[in-house]
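Colleague: Numbering follows the numbering used here, with no gaps: position 173 of the sequence shown is 183. Note that CB positions come from ideal geometry on N, CA and C, so glycine has one too. From a predicted model like this one, the values you see are computed outputs, not experimental measurements.
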Amino acid sequence: METIDVVVEKIVNGGYGFARYDNKIYMIEHAYPGEFVRIKIKGNKKDVYFAEVVEYIEKSPYRNRSVCPHYQECGGCQLLDLDYNEQLKIKTGIVKEQIRRIGKLDDSLVLDAVRSDEINNYRSKMEFAFSYVKGELKLGLKKRNTNEIIDIKKCFISPKEFNKILHETKKIFEALNLKIYNPKSRKGEFKHLVLRKSFSKNEIMSIFITKTEYISNYKKFKELIKNNIKSDSIIHVMNGSDSVVLRGPYKTLKGEGVLKEEFDGFEYQIPPTAFFQNNYNITKKILNEFVRIVKEEKITGHLLDLYSGVGLFSIYLAPLFKHVNGVETNGISVKAAHSNTNINNIKNATFIKADVEEFIQDYDKKVDLLIVDPPRSGLGKKVLTKILHLKPKNIFYLSCDPTTLSRDLSKLNEFYNIEFIQPFDMFPNTFHIENFAFLKAKNSN
């Protein structure tokens, strides 16, 4: 086995330690800045070599002993054994680098990352997968860079209640010998167990995802999960897709079938398959930052919220605007947004079920504030072109991917002043980082 010794310069987007040696670039798993490591190559793409550490010759002083037995294998976290202040510095650095390299923008626009008050047990949603290998049932998370499932006993970033549910579920599945779905043969029944938690209401939802509606031994399965799994709601989702985990028709086996979350007096109902932000504490900080800017900049009039989900931002900001429009492609989320306007007695907000790209082509109203929170792929070219044509006075761009954010900001920069880019640590102990960019039209006066 050929090995080489390298010094890690930094952590880059993707969570890899970055090193250079003999005019080659190395991306190294579980390696931190300043560490002197012995590595072996696992593969390469052109001139970039992917490697793993075989020996830590000199460790970072910021590396703490990991408390998780799955850490070296599991793809759930990448920075679990790194000092939290150091994590924040690294994430700010990742955003700065993408803004500079991809966006060709001044990286001093990037502020220091806002910390999460909770760094363990913080996630409000976890997607666990079932697999059946050599006669053994596994329920857990994917091994890093593979589709192999690691049997998780305890996950440090998910709420403690989730660990108990994992344990109980496994016992029930083994007792009933339930059929596990195999993505290669496309045969079997159970695919995923998605667990969700409301932090403000302290409620748990367990969602069992199968390929079709049919479950063998259904009666016994239903009886055991209702009696043994401590959840306020239990849901059965039928999902034929292998590319998206949480999608498809569902039925409620126990409870109300919605999760409720509350922020500063605003209450939201979240259906089982609807998207919602994954860290309650950070979401609250983002909402408060939105309000601060709207008030400081005296932004009023018309708010357009694209990719509006269940209406989180639209409803929270509605009292500060004359009229609010939300646009969302997911019909279940739109239905929930309508319910949420009624729950909060909001009279000036409307939600439209539409593809954002199609909707915006014909939209021609004046926009005082545009909020965009697109998927990881960012804003498409057509959407960006139309936004520039619409000329909203102010833009709040929320993104979980600094690469696509940087790409889009470089285009918007021609007509907008980027006031700042504020990273929010929505995902402690991982390399992921949420970013909020505030933009003002250059000639809005």
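In this structure, what does DSSP give as the bridge partners for glycine 103?
Modeller: Residue 103 sits at position 93 when you count from the first residue of the sequence shown. Glycine 103 pairs with nothing; no bridge assigned.
Colleague: Between which residues of its own chain and cysteine 84 is the CB-CB distance below 6 angstroms, once the five residues before and five after are set aside?
Modeller: Looking up residue 84 in the sequence shown gives position 74. Sequence-distant Cβ neighbours of cysteine 84 in its own chain, meaning closer than 6 angstroms and more than five residues away, are Leu151 and Ile160.
Colleague: Is it the case that the Cβ atoms of glutamate 461 and lysine 69 are separated by a distance below 8 angstroms?
Modeller: Outside the displayed span of the chain (11 to 455) sits residue 461, for which this structure offers no information.
Colleague: When you compare each of Leu415, Tyr132, Asp93 and Glu272 to asparagine 354 by their alpha carbons, which one comes out closest?
Modeller: Against the sequence shown, residue 354 aligns to sequence position 344. The residue with the shortest Cα to Cα distance from asparagine 354 is Glu272.
Colleague: In this structure, does DSSP put tyrosine 31 in helix, strand or coil?
Modeller: As a position in the sequence shown, residue 31 is number 21, starting the count at 1. In this structure, tyrosine 31 counts as strand in the three-state DSSP scheme.
Colleague: On the DSSP bridge assignment, give the partners of aspartate 374 in chain order.
Modeller: As a working mapping, residue 374 is identified with position 364 in the sequence shown. Per DSSP, aspartate 374 has no beta bridge partner at all.
Colleague: Does the structure place the stretch 334 to 343 close enough to the stretch 361 to 376 that three or more beta carbon pairs sit under 8 angstroms?
Modeller: yes
Colleague: In the DSSP assignment, what are the bridge partners of isoleucine 51?
Modeller: Taking the sequence shown and counting its residues from 1, one reaches residue 51 at position 41. Paired residue(s): Ala61.
Colleague: Rank Ile175, Asp117 and Lys52 by C-alpha distance to the C-alpha of arginine 154 and give the top, closest one.
Modeller: Position 144 of the sequence shown, counted from the start, is the residue given in the question as residue 154. The shortest Cα separation from arginine 154 among Ile175, Asp117 and Lys52 belongs to Lys52.
Colleague: DSSP three-state call for leucine 330: helix, strand or coil?
Modeller: Numbered from 1 along the sequence shown, position 320 holds the residue referred to as residue 330. Collapsing the DSSP output to three states places leucine 330 in a helix.
Colleague: Among Val17, Val63, Val18 and Arg30, which one has its Cα closest to the Cα of methionine 11?
Modeller: As a first step, residue 11 is located in the sequence shown; it is residue number 1 there, counting from the start. With distances taken between Cα atoms, methionine 11 lies closest to Val63.
Colleague: Give me the residue from Tyr132, Lys181 and Ser118 with the minimum Cα distance to leucine 147.
Modeller: As a first step, residue 147 is located in the sequence shown; it is residue number 137 there, counting from the start. Looking at the Cα atoms, Lys181 is the closest of the given residues.
Colleague: Could you spell out the range, first to last residue, of the beta strand (DSSP E) harbouring valine 143?
Modeller: Residue numbering aside, residue 143 sits at position 133 when the sequence shown is read from its first letter. For valine 143, the enclosing beta strand (DSSP E) stretches over residues 135 to 143.
Colleague: Could you name the residues of the same chain whose beta carbon sits closer than 8 angstroms to that of glycine 265, not counting the 5 residues immediately before and after it, in chain order?
Modeller: Within the sequence shown, the letter at position 255 stands for residue 265. For glycine 265, where only same-chain residues beyond five positions count, the Cβ hits under 8 angstroms are Met215, Ser241, Asp242, Ser243 and Ile244.
Colleague: Among Leu394, Ile342 and Gly311, whose alpha-carbon lies nearest the alpha-carbon of lysine 375?
Modeller: Looking up residue 375 in the sequence shown gives position 365. Closest by alpha carbon: Gly311.
Colleague: For the candidate residues Gly275, Val16 and Leu415, whose alpha-carbon lies nearest to that of isoleucine 67?
Modeller: For the purposes of this step, residue 67 is identified with residue 57 of the sequence shown, where counting begins at 1. Closest by alpha carbon: Val16.
Colleague: Any idea which residues DSSP pairs methionine 215 with across the strands?
Modeller: To locate residue 215, count along the sequence shown from 1; it is residue 205. In the DSSP output, where bridge partners are listed per residue, methionine 215 has Arg206 and Ser243.
Colleague: Per the DSSP calculation, valine 17 is bridged to which residue(s)?
Modeller: As a position in the sequence shown, residue 17 is number 7, starting the count at 1. DSSP output for valine 17 lists Phe46 as bridge partner(s).
Colleague: Using 8 angstroms as the Cβ pair cut-off and three pairs as the minimum, do the stretch 109 to 119 and the stretch 412 to 427 touch?
Modeller: yes
Colleague: Taking contact to mean at least 3 C-beta pairs separated by less than 8 angstroms, is the stretch 118 to 127 in contact with the stretch 100 to 107?
Modeller: Touching, yes.
Colleague: Which same chain residues end up closer than 8 angstroms to asparagine 212 when comparing Cβ atoms and leaving out the 5 residues on each side of it in sequence?
Modeller: On the sequence shown, position 202 is the one that residue 212 refers to. None.
Colleague: Using only alpha-carbon positions, find the residue among Arg196, Phe140, Tyr132 and Ile35 that is nearest to phenylalanine 166.
Modeller: As a first step, residue 166 must be located in the sequence shown, where it is residue number 156. Nearest of Arg196, Phe140, Tyr132 and Ile35 to phenylalanine 166, Cα basis: Tyr132.
Colleague: Taking only three categories from DSSP, how would you classify proline 412?
Modeller: The residue you call residue 412 lines up with position 402 of the sequence shown. Proline 412 falls in the helix class under three-state DSSP.
Colleague: Comparing C-alpha positions only, which one of Arg30, Asn23 and Gly24 sits nearest to isoleucine 14?
Modeller: In the sequence shown, residue 14 corresponds to position 4, counting from 1. Considering only alpha carbons, the answer is Arg30.
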